[in-house]
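Asker: Sending over a structure as structure tokens; questions will come in a sec.
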Amino acid sequence: PVLKGSVSNPVLKIGIHLPAGTGIQKITTISGKINKEIITQIKSIELFYSAAEPFTNAQLFSSLSGQELKENFEIKCDKTISAGIHFIWFNILLHENADDRYKLKLSCTAVELDYKTKILINTPFTQNRVGTVIRKAGDDGVHTYRIPGLIKTDKGTLISVYDIRYTTNRDLPGNIDVGASRSLDTG
């Protein structure tokens, strides 16, 4: 899902391979498509770069605000790359009041390099539901929340349960409690 209240929503990754001898290139524009009904729910689309798979090590290099976002969009960039494999991640930031009835559908259509070299990509659309973060690391001074459970009662109340791992993300032995949250308005 793409989560309200989270700064980490990498929903699409593209890989670019520049063969040896290509020289230094600059990514100048990345184009994409997004479903128009979700546009008003988006605060921004961020582009992150990494030379390896994990998103956790990626560096922000460009973004587009939700106010500038259109169904067919272009994000201007100034990212220098050289021979090797490069990963570009599309990270979505939602407005806090984003409607969780929507789905995000996002596709990358092209990457433009120096000298107007355009790489057409046309990735399949990602499809991500909008969700809500119930608890996240750092809330109430807690290191990690893990192993969530969720149930809906006959009256429509949602109850979530989770580990509260106060000082580390490790399993037992450790300072761990079980927490619960409930929602009377279906989430």
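Its first residue numbered 11, the sequence shown is counted upward by one per residue in my numbering.
Idealized CB from N, CA, C, for every residue including glycine.
#1: Let me know the secondary structure DSSP gives ASN206 once reduced to three states.
#2: Determine which residues share a DSSP beta bridge with ILE34 and list them.
#3: Count the C-beta pairs between the segment 113-131 and the segment 38-46 that are closer than 8 Å, then say yes if the count reaches three, no if not.
#4: So the candidates are ILE55, ASN101, TYR112; which of them puts its Cα closest to the Cα of GLN77?
#5: Should VAL140 be labelled buried (16 or more other beta-carbon atoms within 10 Å of its own) or exposed?
#6: Out of SER60, ARG175, ASN138, which one is the CA nearest neighbour of ILE44?
#7: Identify the residues that DSSP records as bridge partners of PRO20: which are they?
#8: Would you decide whether LYS165 is buried or exposed? Buried here means 16 or more other CB atoms lie within 10 Å of its CB.
#9: May I ask you to verify whether the segment 101-110 touches the segment 78-89, counting CB pairs closer than 8 Å and requiring at least 3?
#10: Rounding to the nearest angstrom, what Cα-Cα distance links PRO134 and LYS46 in this structure?
#11: Check for me: the beta strand (DSSP E) holding LEU57 runs from which residue to which?
#12: How far does the beta strand (DSSP E) with ALA190 in it extend, from its first residue to its last?
Answerer: Short version:
#1: Because the chain spans 11 through 197 in this model, residue 206 falls outside it and cannot be assessed.
#2: Counting from 1 along the sequence shown, the entry for residue 34 is found at position 24. Under DSSP, ILE34 forms no beta bridge with any residue.
#3: Proximity of the segment 113-131 to the segment 38-46 meets the contact definition, three or more beta-carbon pairs being nearer than 8 Å.
#4: One-based indexing of the sequence shown puts residue 77 at position 67. Scanning ILE55, ASN101, TYR112 for the CA closest to the CA of GLN77 turns up ILE55.
#5: As a working mapping, residue 140 is identified with position 130 in the sequence shown. By the neighbour-count rule (16 or more Cβ atoms within 10 Å), VAL140 is buried.
#6: As a working mapping, residue 44 is identified with position 34 in the sequence shown. If you compare the alpha carbons of SER60, ARG175, ASN138 with that of ILE44, the shortest gap goes to ASN138.
#7: Looking up residue 20 in the sequence shown gives position 10. Looking at the DSSP output, PRO20 shares a beta bridge with ASN101.
#8: In the sequence shown, the residue the question calls residue 165 occupies position 155. By the 10 Å Cβ count, LYS165 comes out exposed.
#9: By the criterion of at least three beta-carbon pairs nearer than 8 Å, the segment 101-110 is not in contact with the segment 78-89.
#10: What you label residue 134 is simply residue 124 of the sequence shown in a count that begins at 1. What you label residue 46 is simply residue 36 of the sequence shown in a count that begins at 1. So the alpha carbons of these two residues sit roughly 17 Å apart.
#11: Against the sequence shown, residue 57 aligns to sequence position 47. In the DSSP assignment, LEU57 falls within the unbroken beta strand (DSSP E) covering 52-60.
#12: For the purposes of this step, residue 190 is taken as the residue at position 180 of the sequence shown. Its beta strand (DSSP E) spans residues 186-193.
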